[in-house]
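Take the sequence shown: its letters are residues 18 to 159, numbered as in our numbering. Think of the CB as a built atom: it goes at the ideal place given N, C-alpha and C, for glycine as much as any other residue. Structure, as structure tokens:
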Amino acid sequence: MAGQWRRCLNTFAALRNELAKPASVVFVGTFLIRSSFPGLAAYIASKAALAAQARTLAVEFAPLDVRINMVSPGPTATAIWGTLGLSDDQLEGVAEGVTQRLLPGHFLESAAVANVILFQLSQGARGVYGQDWVVDNGYTVS
């Protein structure tokens, strides 16, 4: 994981002078930094660090007319659920438990997350700096 984190930092450092001005950068986090999930401690910790980095970089880059924010998706209907190494029965059990906490009673569609990211990249969000927008169908407030 240290290698991946270093690549993330190095990539951003390399792009620092290549960004158009004004610019907007959106990191992708996870709703789980406000909650927990057994077996995902390293993943959640890395995303919490990313949130701290986004806040700090937002302050550093604001004078350069670069906005930095983050979107933290919640349970989203994507193929990644099939890569968790769970049996179909286990996966169904996890999905049922998670769905009970989602206010509309279903997983997010990826377009819901993409739309928030597109807004953050737009000039409509030009006053937003260092924020982490949680898009989780109400999971963290239920």
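Measuring CB to CB, does residue i end up less than 8 Å from residue j?
{"i": "R51", "j": "T116", "result": "no"}
{"i": "V145", "j": "V88", "result": "no"}
Since residue i sits in a beta bridge, which residues does DSSP pair it with?
{"i": "A40", "result": "V83"}
{"i": "V152", "result": "P90"}
{"i": "L125", "result": "T93"}
{"i": "V45", "result": "V88"}
Taking all protein chains shown into account, decide if residue i is buried (16 or more other Cβ within 10 angstroms of its Cβ) or exposed.
{"i": "I97", "result": "exposed"}
{"i": "N27", "result": "exposed"}
{"i": "R84", "result": "buried"}
{"i": "V133", "result": "buried"}
{"i": "T47", "result": "buried"}
{"i": "N34", "result": "exposed"}
{"i": "V151", "result": "buried"}
{"i": "D149", "result": "buried"}
Which same chain residues end up closer than 8 Å to residue i when comparing Cβ atoms and leaving out the 5 residues on each side of it in sequence?
{"i": "P121", "result": "N154 and G155"}
{"i": "T95", "result": "S127"}
{"i": "S139", "result": "S41"}
On a CA-only basis, which of the options is nearest residue i? Give me that one, please.
{"i": "L15", "options": "A71, R143 and G91", "result": "This structure leaves residue 15 out entirely; the chain is present only between 18 and 159."}
{"i": "G147", "options": "E77, Q107 and L57", "result": "E77"}
{"i": "A75", "options": "Q140, K64 and A40", "result": "A40"}
{"i": "R72", "options": "V43, S53, D106 and L138", "result": "V43"}
{"i": "P67", "options": "R143, A31, R23 and S159", "result": "It should be noted that the sequence gives Leu, not Pro, for residue 67. Residue R23 is the option with its Cα nearest to L67."}
{"i": "L101", "options": "V151, Q70 and P55", "result": "P55"}
{"i": "T93", "options": "A79, G141, A112 and Y60", "result": "A112"}
{"i": "A142", "options": "N86, E109 and S63", "result": "N86"}
Leaving aside the five residues before and after residue i along the sequence, list all residues of the same chain whose C-beta is less than 6 Å from its C-beta, in chain order.
{"i": "K38", "result": "D82"}
{"i": "L226", "result": "This structure cannot settle anything about residue 226, because the visible part of the chain is limited to 18 through 159."}
Tell me, please, whether the CB atom of residue i is closer than 8 Å to any CB atom in chain D?
{"i": "N132", "result": "In the displayed structure, chain D is absent; only one protein chain is listed."}
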